[in-house]
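Have a look at the structure below before the remarks.
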Amino acid sequence: MSIVIYIAVMAGVTYLIRMIPFVAFRKEITSPFFKSFLYYVPYAVLSAMTIPAIFYATGDYVTAAVGTAVALVLAYFRVPLIGVALAAAGAALVTDLLMGYLG
Numbered sequence: 777m778s779i780v781i782y783i784a785v786m787a788g789v790t791y792l793i794r795m796i797p798f799v800a801f802r803k804e805i806t807s808p809f810f811k812s813f814l815y816y817v818p819y820a821v822l823s824a825m826t827i828p829a830i831f832y833a834t835g836d837y838v839t840a841a842v843g844t845a846v847a848l849v850l851a852y853f854r855v856p857l858i859g860v861a862l863a864a865a866g867a868a869l870v871t872d873l874l875m876g877y878l879g
């Protein structure tokens, strides 16, 4: 198949995914439960994609856990995102180096 057909199919699918909610829900959503559910969907989807990637990125669960712990602590103290990312990557690297050196 031509790459143009692939792009056209993906454009159609993307358009449909974005258009269907506007067509299906013409009135304002008034249900507090449904509003609350929709509020948390982006966070849940982002977490479902990110958390597995974190633990498979380093190839070792210990280094990934250390990096994640560092990231969570720094995020709790509202360190800027670039600082959190660099510190978490650095902690995972140092942990990997120490594990290689000690064991």
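If you count the sequence shown from 1, you need to add 776 to reach the working numbering.
Positions of the beta carbon are idealized from the N, C-alpha and C atoms, including for glycine.
All of these numbers come straight from a predicted model, not from anything done at the bench.
In chain order, Val-860 and Ala-864 place their CB closer than 6 angstroms to the CB of Ala-847, counting only its own chain and leaving out the 5 sequence neighbours on each side.
In the DSSP assignment, Val-799 falls within the unbroken alpha helix (DSSP H) covering 779-800. Under the three-state reduction of DSSP, Gly-866 is assigned to helix.
The straight-line gap separating the alpha-carbon atoms of Phe-813 and Tyr-819 is approximately 11 angstroms.
Burial check for Val-785: the Cβ neighbour count within 10 Å stays below 16, so the residue is exposed.
With fewer than 16 other Cβ atoms inside 10 Å of its own Cβ, Ala-824 counts as exposed.
The Cβ-Cβ distance between Val-838 and Thr-871 falls below 8 angstroms.
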